[in-house]
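Visitor: In the working numbering, the protein residues as written are -3 to 324. Starting off with a structure, shown below.
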């Protein structure tokens, strides 16, 4: 079954937007709109993950191959009828997806490219794919893209605060007890020196309510994170611990389209959400203008994701549409 992605894949002017209605794979349970609650794009820009409400029915998770418009799989979450997604989602190569539960005791599950669901024994909410997508890891160890365990806990004596993309393909960065490490999933992690302030990381950790997970920049050098106590606040932290900035707006979601381009979905009461580039002042950012992008009348933005190659934004709406915005 194909989604109506032909317009999305057309070449068009940078900054232009075209609606792409998400047609349910199965017959709709009602004629009511199906709001988009979460979007994720794979590292290579080939796959789009969509979490969509279904008129009080369980959330529907879909994976779309952006190259041909085909739906790889759809999964209905039986726990979450009429409630927000309970998973943080991270896409790997070939459309494999990690579904990471909120809270320290929540399960981690792996959805294969074919849609087969399996439990990641010993997984945790900080699991992340290494660049290249051949393996993923976290505090509990390392696993192959098929879910086979590759190794045990990387730092068994330390408290792991954060897992980020590594500096090279096939590596991850670990932040534990205020120290940065590089890890290849097979050998002991190598120390890189001091990292971000532990208090900053603890304040930005994912809450049990699961608002939105922290978003690392593509190069792993910065992290945009919702505040644990006030999820409408977003701060940008540098890995060396020397910089921290607060995004001056009520933010529902953020996404990076490059190591120095951060975008925000700004909530504005009952009005449609604005999509704007965040103007950051640190030495690593150019400080581009924070001008809201144009938005179709009557549409209300509800979810945001970004692709790196080529740079593009994906915006989901309360009306059940997904827009692609090509970036220069």
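Quick reminder that beta carbons are idealized off the backbone N, C-alpha and C, glycines included. Computed from a predicted structure; not experimentally measured.
#1: Report yes or no: do three or more beta-carbon pairs, one from the stretch 29 to 36 and one from the stretch 304 to 320, lie closer than 8 Å?
#2: What did DSSP end up calling residue 22 once you bin it into helix, strand or coil?
#3: Check for me: the beta strand (DSSP E) holding residue 332 runs from which residue to which?
#4: My output table needs one value for residue 322: the three-state DSSP class, helix, strand or coil.
#5: Rounded to a whole number of angstroms, what is the C-alpha to C-alpha distance between residue 150 and residue 88?
#6: Do residue 220 and residue 261 have their CB atoms nearer than 7 Å?
#7: Based on the DSSP secondary-structure assignment, which residues constitute the bridge partners of residue 212?
#8: Would you grab the beta carbon distance between residue 387 and residue 83 for me? Rounded to a whole angstrom, and I think it's under 8 Å.
#9: So, is residue 187 buried or exposed, given that buried needs 16 or more other C-beta atoms within 10 angstroms?
#10: What do you get for residue 299, buried or exposed, if any count of 16 or more other CB atoms within 10 angstroms of its CB means buried?
#11: Under the three-state reduction of DSSP, which class applies to residue 141: helix, strand or coil?
#12: Have a look at 164, 182, 183 and 160 and flag the residue whose alpha-carbon is nearest the alpha-carbon of residue 176.
#13: Could you please give the first and the last residue of the uninterrupted beta strand (DSSP E) stretch that includes residue 88?
#14: Out of curiosity, what's the CA-to-CA distance linking residue 17 and residue 210?
#15: Pick helix, strand or coil for residue 45, following the three-state DSSP scheme.
#16: Taking the straight line between their C-alpha atoms, what separation do you get for residue 114 and residue 103?
#17: By the three-class DSSP mapping on this structure, what secondary structure does residue 136 have?
#18: Can you grab the Cα-Cα spacing for the pair residue 90 / residue 43, in whole Å?
#19: Is the beta carbon of residue 181 closer than 7 Å to that of residue 136?
#20: Nearest to residue 269 by CA position, among 248, 254, 275 and 148, is which residue?
#21: With 16 as the cutoff for other CB atoms within 10 Å, does residue 205 come out buried or exposed?
#22: Here's the rule I'm using: 16 or more other beta-carbon atoms within 10 Å means buried, otherwise exposed. How should residue 165 be labelled?
#23: So residue 232 is in the beta strand (DSSP E); what residue range does that whole segment cover?
#24: Inspect the beta-carbon positions of residue 310 and residue 85 and report whether they are closer than 7 Å.
#25: Expressed to the nearest angstrom, what Euclidean distance is found between the alpha-carbon atoms of residue 126 and residue 295?
#26: Taking the alpha-carbon positions, what's the residue 148 to residue 289 distance?
#27: Within the continuous beta strand (DSSP E) that includes residue 105, where are the two ends?
#28: Mark residue 329 as exposed unless 16 or more other C-beta atoms lie within 10 angstroms of its C-beta, in which case mark it buried.
Guide: Walking through what the data contain:
#1: yes
#2: Any reading at residue 22 needs caution, since the residue's pLDDT is 31, under 50, leaving its predicted position unreliable; the model's value is listed next. It is coil, neither helix nor strand.
#3: The question about residue 332 has no answer here: the residues shown for the chain are numbered -3 through 324.
#4: If DSSP states are grouped into helix, strand and coil, residue 322 belongs with the strands.
#5: 21 Å
#6: no
#7: 219
#8: What the structure shows of the chain is the stretch from -3 to 324, and residue 387 is not part of that stretch, so it cannot be assessed.
#9: exposed
#10: buried
#11: Note: residue 141 maps to coil in three-state DSSP.
#12: 160
#13: Segment: none, residue 88 is in no beta strand (DSSP E) and carries neither H nor E.
#14: Its pLDDT being 40, under 50, residue 17 is placed unreliably by the model, and nothing is read from it.
#15: In the displayed model, residue 45 falls within a strand according to three-state DSSP.
#16: 10 Å
#17: coil
#18: 8 Å
#19: Not a contact, by the Cβ cut-off of 7 Å.
#20: 248
#21: Because the pLDDT at residue 205 is just 41, under 50, the model does not fix this residue reliably, and the point stays unresolved.
#22: exposed
#23: If you look at residue 232, you'll find it in the beta strand (DSSP E) that goes 230 to 234.
#24: no
#25: Cα to Cα, the separation comes out at about 36 Å.
#26: 46 Å
#27: 104 to 107
#28: A question about residue 329 goes unanswered here, because the residues of the chain that appear run from -3 up to 324.
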